[in-house]
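> Here's a structure for you.
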Amino acid sequence: MLNKYTTVYHASTVSEVQTILKNIAGLSIVAGCTEIARRQTGRALHLPANVLALARVPELCTMTKTERYIEFGPSVTLDEILKLGRKNVPDVLFDCVSGIANPGVRAVATIGGNISAKGQRLSAFAPLLALDARLEIRTPYDAAWIPMARYFSNTGKEQPRDPEFISRIRVPTESWDIAIYRRLGQEGIVTDQTASFAFLVKFQKNILADIRVAYAGRFFFRKREFENLIIGRTLPLSEKDMINLMDKAELFFGKDLFPPSYERKCLFNLLEESLRELT
Amino acid sequence: MIIPFELNGNMVYIDSNPGERLVHILRRRFNLLTAKEGCLSGRCGSCMVLLDGKPVPSCIVPVFQIRNSSIVTLEHFSATPEYHDVMEGFANAGVSMCGFCDAGKIFIAHAIVSSETRMSKDEIKAMFAGNMCRCTNVDDLVAGVKNAIALRRKRTNAK
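Chains A and B supply the protein sequences, listed in that same order.
Numbered by numbering that gives the first Met the number 0, the letters in the first sequence go through residues 0 to 278 in order.
Numbered by numbering that gives the first Met the number 0, the letters in the second sequence go through residues 0 to 158 in order.
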């Protein structure tokens, strides 16, 4: 179906974006549009009635690096992130971005689009969740920094909010002793089985100082309670610890939150495989 | 919606449905047939064009995204010396050019040859991940790219 009545709004500054958001109701924000293109096979893409294109807003296409974090504009393409090199990007994020689609698609797809695609969570979601990324959310009137885990509802369902958009993504660049990223599903394409898993560990001598576990697919999880259960343990973990932790994981990633399925089994396999690195 | 963009060095304006895929605009409005309609999901590389100098599958780009951008198709690119470096490099490596995914192979090779970073064999192979060529094996493509890099270096040094 051709969507002749789609109106596309182009902004050239962030304040223009805010003005458009304030004045036009029911806007859909897009950047690279690769996710829209992926879901459709028709001659023309069926777009919502009102579209706000952010891909060409220069302020949203910049990257900044400080000693403690790296900040991306949401319209930074995945290709540009890879060009920074492994030294400048956290390992899990670099591994994840380099595995997304192919170089042609990565030249168009944006990091903001990757994390805010509706429905199925895409590859960069779990690594950013695990890295404790913070998002600068702008409404027509103000801006606020919100941890990514808090911004997206924990059940994976969309929350109704005022018109707003992500204007910066701040990713801490602290180093991790173990950084594991795994992608489930067919390589290079997104299907219902596609999910991503990130596992980060930091030691101090033989004490586990910090651990992060995140999973994102049809559902996404980052359970601080589960992480806190492991923090402070002496390494290497014993077989008894492993059994105990996997039993606890069954409780934390409960069946009400994540129904029994192939994906759930994959999550537990990945978790067990990752925890084995600590034995 | 009126969309201005630069196509093969000329400024053009089209009145189009904003959701129309770029590959269809190029083929149907401008009769630029080197961008082939393939998978329509950015995986086969047969519709590759240079969008602001970067190789991009034109099937995943809705036309409103190309506003004020520069598009180069293989028709225009084939008149440049960079094209001849790539083609000569491919010919020396025995790369088969059946015509269907030529745009993908040539633009990806051009991107690698023009890149400032020196890529390993595996990195070059990874660059061709978005090009499904059934006539040539990827090792020949890598050899072709290496030949093209040498030719490009020779040409720029000669200047």
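Think of the CB as a built atom: it goes at the ideal place given N, C-alpha and C, for glycine as much as any other residue.
Owing to the predicted nature of the structure, the values given are computational and were not obtained by experimental measurement.
1) Using the rule of at least 16 other Cβ atoms within 10 Å of the residue's Cβ for burial, across every protein chain shown, is A:Y261 buried or exposed?
2) Along the chain, where does the beta strand (DSSP E) that runs through B:L140 open and close?
3) Taking 8 angstroms as the limit between beta carbons, can you name the residues of its chain near B:S68, skipping five residues before and five after?
4) Check whether chain A comes within 8 angstroms of B:H109, counting only Cβ atoms and requiring the distance to be less than that.
5) Compare the C-beta of B:F63 against all C-beta atoms of chain A and say whether one is closer than 8 angstroms.
6) Taking 8 angstroms as the CB-CB limit, is A:N101 close to chain B?
7) Below 7 angstroms CB to CB, which residues in the same chain sit around A:R37 once its five sequence neighbours on both sides are set aside?
8) Excluding the 5 residues flanking A:Q119 on each side, which residues of the same chain have their C-beta closer than 8 angstroms to its C-beta?
9) Verify the CB distance criterion: does B:E122 have a CB-CB separation below 8 angstroms to chain A?
10) Please list the partners that B:G129 has in chain A, where partner means a Cβ-to-Cβ separation under 8 angstroms.
11) Of all the options A:M241, A:V170 and A:I165, which has the alpha carbon lying nearest to the alpha carbon of A:E58?
12) Can you find a C-beta in chain B that's less than 8 angstroms from the C-beta of A:T5?
13) Taking 8 angstroms as the limit between beta carbons, can you name the residues of its chain near A:I230, skipping five residues before and five after?
14) Along chain B, in chain order, which residues have C-beta atoms closer than 8 angstroms to that of A:C32?
15) Span of the beta strand (DSSP E) holding A:K64?
16) Locate the alpha helix (DSSP H) running through B:H109, then write down its first and last residues.
17) In terms of alpha-carbon separation, which member of B:R28, B:L32 and B:L39 lies closest to B:G129?
18) If we define contact as Cβ-Cβ less than 8 angstroms, is A:T278 a contact residue for chain B?
19) Using the C-alpha atoms, what's the distance from A:D131 back to A:P171?
20) Run down chain B in chain order and give the residues with a C-beta less than 9 angstroms from the C-beta of A:G187.
21) By a C-beta neighbour count over all protein chains shown, 10 Å radius and 16 as the cutoff for buried, is A:D94 buried or exposed?
22) Given this structure, state the Cα-to-Cα distance separating A:C32 from B:K53, to the nearest angstrom.
23) With DSSP as the reference, label A:A48 as helix, strand or coil.
24) Leaving out the 5 sequence neighbours to the left and right, which residues in its chain are closer than 6 angstroms to A:S273 when beta-carbon positions are compared?
25) Pop quiz: A:A213 and A:L128 are said to be a contact at Cβ under 8 angstroms. What is the actual Cβ separation, rounded to whole angstroms?
26) When the Cα atoms are used, what is the spatial distance from A:K156 to A:P146?
27) Hey, A:A100 and A:S74 are a contact pair by Cβ (cut 8 angstroms); roughly how many whole angstroms apart?
28) Per DSSP, what kind of secondary structure is A:K201 in: helix, strand or coil?
29) Which class does A:S273 belong to by DSSP, given the choice of helix, strand or coil?
30) Under three-state DSSP, which class holds B:N30?
31) Go through its chain and collect everything with a Cβ distance to B:E74's Cβ below 6 angstroms, but skip five positions before and after it.
32) Buried or exposed for B:I1, going by 16 or more other Cβ atoms inside 10 Å?
33) Compile a chain-ordered list of the residues in the segment 7-29 of chain B whose CB is closer than 8 angstroms to at least one CB of chain A.
34) Run through chain A and tell me which residues come within less than 8 angstroms of B:M47, C-beta to C-beta.
35) Where DSSP assigns a beta bridge to B:M215, which residues make up the other side?
Inspection of the coordinates gives the following:
1) exposed
2) Where B:L140 is concerned, there is no enclosing beta strand (DSSP E), although the alpha helix (DSSP H) it sits in stretches over V137 to A157.
3) F4, E5, L50 and D51
4) no
5) yes
6) By this cut-off, A:N101 is an interface position.
7) V189
8) V189, D191, T193, G216 and R217
9) no
10) A100, N101, P102, G103 and V104
11) A:I165
12) yes
13) The answer, listed in chain order, is L207, A208, D209 and I210.
14) Near A:C32 (Cβ distances below 8 angstroms), the residues of chain B are I59, V60, P61 and Q64.
15) M62 to K64
16) D101 to S113
17) B:L39
18) At a cut-off of 8 angstroms between beta carbons, A:T278 makes no contact with chain B.
19) 7 angstroms
20) R42, A128 and G129
21) buried
22) If you draw a straight line from the Cα of A:C32 to the Cα of B:K53, it is about 17 angstroms long.
23) coil
24) The residues are I179 and F198.
25) 4 angstroms
26) Note that A:K156 scores a pLDDT of 49, beneath 50, so its modelled location is shaky; the value from the coordinates is reported in the next line. Between A:K156 and A:P146, the C-alpha separation is close to 17 angstroms.
27) Going by Cβ atoms, the distance from A:A100 to A:S74 rounds to 17 angstroms, so no, they are not a contact pair.
28) Strand, per DSSP.
29) helix
30) coil
31) L31 and T33
32) If you draw a 10 Å sphere on the C-beta of B:I1, you find fewer than 16 other C-beta atoms in it, and that means exposed.
33) Only those residues of the segment 7-29 of chain B whose C-beta falls short of 8 angstroms from the nearest C-beta of chain A are listed: N16, P17, G18, E19, R20 and H23.
34) G103
35) No answer is possible for residue 215 of chain B: the residues shown for chain B start at 0 and end at 158.
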